[in-house]
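Here the protein sequences come in this chain order: S and B. Quick note: the first sequence, position 76, residue 76 per the UniProt record's numbering, numbers continuous. Quick note: the second sequence, position 299, residue 299 per the UniProt record's numbering, numbers continuous. Quick reminder that beta carbons are idealized off the backbone N, C-alpha and C, glycines included. Please read these numbers as outputs of a predicted model, since none were measured by experiment. Everything on this sheet refers to the single structure shown next.
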Amino acid sequence: MITKIPEATAPAPAPAHRAPEPPRPAGRRRAWDEAPRWQIYLPLSVYLVFTLVPFYWILLFALRPPGSTSLVPWPMTFEHFEKVWTERAFGTYFQNSVLVGVATLVTTTLVALAGGYALARFDFRLKRGFMLALLCSQFVPGALLLVPLFQIFAELRMINSLGSVVIAETVFQLPLSMILISGFIRNVPYSLEEAAWVDGCNRFSAFRVVVLPLLRPGLVAVGSFAFVHSWNHFLFALMFLSDQDRQTIPVGLNTLMSSDSVDLGALAAGGIIAAVPVVIVFAFIQKWLITGFSAGAVKG
Amino acid sequence: MKSSIRRSSRGGRRPAAVVLGAVLALTATACGDDGSGAAGDKGGEGSGKGEITFWDNNTAVRRDIWMEVIEDFEKKYPDIEVKYVGIPAADAQSKYDTAIQGGGLPDVGGVGTAMLAGMAAQNALEPLDDRLGKSSLNGRLNENLVDSSRAAGGGDELYQIPTSANNGTLWYRTDLFEKAGLDAPTTWSKFYEAAEKLTDKGKNAFGFTIRGGEGSIAPALDAVYGQTGITSFWDGDKTTVNDPKNVAALEKYVALYKKNTPSADVNNDFTKMVAQWDSGTIGMLSHNLGSYQDHLKALGEGKFKGIPNPTLDDGTRVQVSNPVDGLSVFKSSKNKAAAWKFVEFAVSAAENSKFNESAGQVPANTDAAGDAWIQKAEPTKLAAEALNSDSTEIVQLPYYLPDWNTISKADNEADFQKVLLGKMSAKSFLDTMAEQLNEAQAEWKEQQG
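Here you go:
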């Protein structure tokens with residue numbers, strides 16, 4: 001017989017609504033409420049200028065005709081998009097980036113789950129040293145390991161294969177992902193898993209049925225980081241991939257800049273194509289991401 | 001609750017299927033190659049047929065024209081297939097360096113003189129003297145460019161067949177000059193006069209835009225040697241870079257900053273500098289032939305001109321050498337015969353002319369240098385004339401020094417910004433650079449035995 005797990009003992013799932021904020025001390029509340037609106041909106045407006053102007057600049061260059069110096073994108077043209085998508089093979093780069101991003105997301109999340117679980121639930125010799133090594137590995141720049149990685153992939157006959165980039169990206173993102181996931185797993189009471197064992201689950205099925213659903217915010221955080229990082233990462237794709245039809249968006253963007261001249265319209269259009277998926281991903285997962293970060297911040 | 005567990009279990013199969021699918025997809029794409037071909041690999045002549053790999057080190061603007069050249073080549077040599085790999089210009093050096101160490105070098109590739117010394121020192125390039133001696137190209141390449149290529153590779157052997165010469169160009173806005181009643185800035189005196197007269201900070205108009213960010217050292221040296229008329233970079237084993245005349249010239253040049261240039265210039269790399277000139281009201285820009293198309297697109301025909309470096313008042317023009325573009329065959333190539341055929345074909349008169357017309361540079365093949373398009377493209381024509389003129393003295397920058405790239409970039413660009421900002425004196429800047437250069441030269445000479 002399987003015992004129903006009491007809702008009260010499970011850690012709170014991601015809240016669908018924002019929890020009510022704790023009341024501020026009366027003095028502070030008054031000061032906040034009574035502050036003139038301009039004191040709030042002026043700094044925010046200044047901040048917005050700095051954040052939005054570069055975006056407007058990109059849109060302007062992408063949408064106005066070549067040679068135009070107008071400050072508004074009118075008459076509007078899509079020729080830069082057409083150029084990068086068809087002539088400069090951004091369609092192919094995009095497809096490759098999606099494949100690398102999704103595969104990195106999947107592999108990083110899966111391996112980080114397994115590793116994070118081990119870190120959270122098992123005690124083993126030199127565990128603290130291992131954790132420290134994981135943290136220290138974050139300080140090693142990817143460029144330093146390019147040649148040995150290149151040689152390893154060459155031995156495996158994986159140069160010029162998207163798999164090499166996925167493996168390299170996964171390996172570089174695993175340490176931080178494992179540490180993050182282990183923090184989330186620690187937040188799940190061990191007693192829940194024990195209850196599932198009593199109900200007939202083995203360790204794996206207890207993890208899958210009881211722990212995994214509670215890790216959703218953490219998985220979203222780790223997965224989205226893995227996706228975005230591999231989407232934007234340039235170095236491994238540049239070094240391990242040679243064929244034009246295997247290259248990814250960041251490499252494609254760099255191929256628009258020559259040593260002596262830059263087609264700014266094409267570069268801006270390429271930049272928008274590169275940014276759209278990331279913006280969409282973040283728009284959809286924003287809620288989970290914030291929950292994930294705050295949950296991970298409570299206890300590590 | 002039991003059923004809920006079962007439901008979860010069924011639900012879990014979907015992600016598992018997705019994962020499996022992704023892994024299978026990746027496995028399918030994991031049919032890569034072994035990246036063989038590192039420095040030290042002796043390669044071989046091969047059959048002169050089959051596939052060769054060509055790396056283009058400046059794909060942004062050259063991709064289309066290289067594709068045309070490759071198409072022509074494959075028509076002439078149907079037994080040879082050329083695999084084109086485009087590399088972003090800014091990353092070509094690191095891509096080559098990784099391949100030299102780890103493997104995966106191409107059979108043939110575009111290599112600029114700035115990269116040549118390092119690659120030759122790592123034994124990655126095939127000496128080409130013998131091949132050139134027996135080739136139809138022999139005697140048909142601009143001798144100055146061949147000499148530059150040879151010097152950049154270390155001096156003894158030729159590791160690069162030049163395809164094109166670039167040249168420092170002073171671009172100026174003819175509309176602004178006419179309005180101000182100024183002569184073209186053909187001499188340094190006229191240059192400084194124009195920089196002063198065209199500046200009207202209230203109207204956001206400036207006489208000149210200076211390169212203060214990445215890549216600032218070579219243009220600064222061009223301006224310095226151009227003004228002093230010192231014609232050699234070395235005086236025995238010591239560099240002339242910190243000669244008192246050069247110090248005075250640099251002081252005069254950097255004094256333009258903020259007085260006659262926008263203050264943002266301190267961070268100018270060529271992209272910002274060219275974009276700023278193309279979209280603003282700035283009289284002059286010192287860059288090279290490569291930005292011609294950008295100016296044409298932004299300003300339109302008739303509003304600007306490009307001339308070589310200004311002369312001294314007596315008409316003598318002194319300029320520093322520009323990197324020469326060219327093609328190299330890699331030692332590790334297993335099909336050097338086919339790779340050389342490609343080089344020979346790409347630098348033949350017809351193809352070299354077509355390539356340089358597109359690139360806006362001076363052809364290395366002398367038979368191509370007289371073609372009609374050069375007579376029509378004024379900046380290129382003037383650059384070609386300047387390069388071949390007896391009254392032009394070229395100060396050869398030491399591209400052959402393996403440390404040149406570091407000295408002319410990482411070691412000194414930040415200091416040049418300090419000079420612009422008045423936080424370091426021109427003398428101190430040039431003395432430091434001279435010390436580094438003298439040391440690098442001594443080390444190089446020692447290595448050469």
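When DSSP assignments are scanned along the stretch 150-205 of chain B, the uninterrupted stretches of beta strand (DSSP E) that are 3 or more residues long and fall wholly within it turn out to be 161-165 and 168-173. Counting only the Cα atoms, F236/S lies some 8 Å from L146/S. By alpha-carbon distance to L141/B, the top candidate from L198/B, S164/B and A121/B is S164/B. Within the DSSP bridge table, the entry for T281/B names A205/B as partners. Think of a sphere of 9 Å around the beta carbon of F270/B: the chain S residues whose beta carbon falls inside it are S259, D260, S261 and V262, in chain order. Of the candidates P379/B, G154/B and S353/B, S353/B places its Cα closest to the Cα of A369/B. With a cutoff of 8 Å on beta-carbon distance, K83/B and E126/B are scored as not near each other.
An exposed status is given to K42/B, since fewer than 16 other beta-carbon atoms sit within 10 Å of its beta-carbon. Straight through space, the alpha carbons of G155/B and M115/B are spaced by roughly 14 Å. Below 8 Å, enough C-beta pairs join the stretch 208-219 of chain B and the stretch 282-293 of chain B to call them touching: three or more.
Every alpha helix (DSSP H) stretch that sits fully inside the stretch 129-174 of chain S and reaches 4 residues is listed by chain position as 146-155.
Closest in C-alpha terms to A440/B, from the list G422/B, K423/B, I407/B and V395/B, comes I407/B. With a 10 Å radius around the Cβ and a threshold of 16 neighbouring Cβ atoms, D56/B comes out buried. For the set K49/B, D72/B, N138/B and A117/B, the Cα lying nearest the Cα of D107/B is the one of K49/B.
Straight-line measurement puts the Cα of F270/B at about 8 Å from the Cα of S261/S. For F94/S, no Cβ of chain B is located within less than 8 Å of the residue's own Cβ.
Secondary structure remark: continuous alpha helix (DSSP H) runs of at least 4 residues inside the stretch 275-323 of chain B, in chain order: 292-299. Per DSSP, reduced to three states, the secondary structure at M257/S is strand. Below the 8 Å Cβ cutoff, chain S contributes no neighbours of S164/B, its closest Cβ being approximately 11 Å away. A151/B sits close to Y400/B, with the two beta carbons spaced by under 8 Å. In this model, P88/B and M239/S are separated by some 11 Å (Cα to Cα).
Taking 8 Å as the threshold, the shortest C-beta distance from V224/B to chain S does not fall below it. The DSSP assignment places complete alpha helix (DSSP H) segments of no fewer than 4 residues inside the stretch 201-278 of chain S at 203-206, 216-232, 235-240 and 249-254, in order along the chain. Checking the DSSP bridge columns, you'll see K83/B partnered with T53/B. Pairwise C-beta distances place the stretch 339-357 of chain B out of contact with the stretch 237-254 of chain B, as fewer than three of them are shorter than 8 Å.
Per DSSP, the unbroken alpha helix (DSSP H) holding G116/S starts and ends at F90 to R121.
In this structure, Y93/S sits near I249/S, with a CB-CB distance shorter than 8 Å. Using a Cβ distance threshold of 8 Å, W373/B and E393/B do not count as a contacting pair. Interface annotation, D175/B: not in contact with chain S, CB-CB separation never under 8 Å. CA-CA distance, G226/B to D278/B, rounds to 25 Å.
Judged by their CB atoms, A90/B and L256/S are not nearer to each other than the 8 Å cut-off. Residue-level contact check: P66/S touches chain B, since one or more beta carbons of chain B fall below 8 Å from its beta carbon. When DSSP reads this structure, I394/B sits in a beta bridge with Q319/B. Across the stretch 275-294 of chain B, CB contacts with chain S closer than 7 Å involve A275, S279, N288, G290, S291, Q293 and D294, in sequence order along the chain. Assigned with DSSP and collapsed to three states, V188/S falls in coil, not helix or strand. Rounded to the nearest angstrom, the gap between the Cα atoms of K190/B and T170/S is 59 Å.
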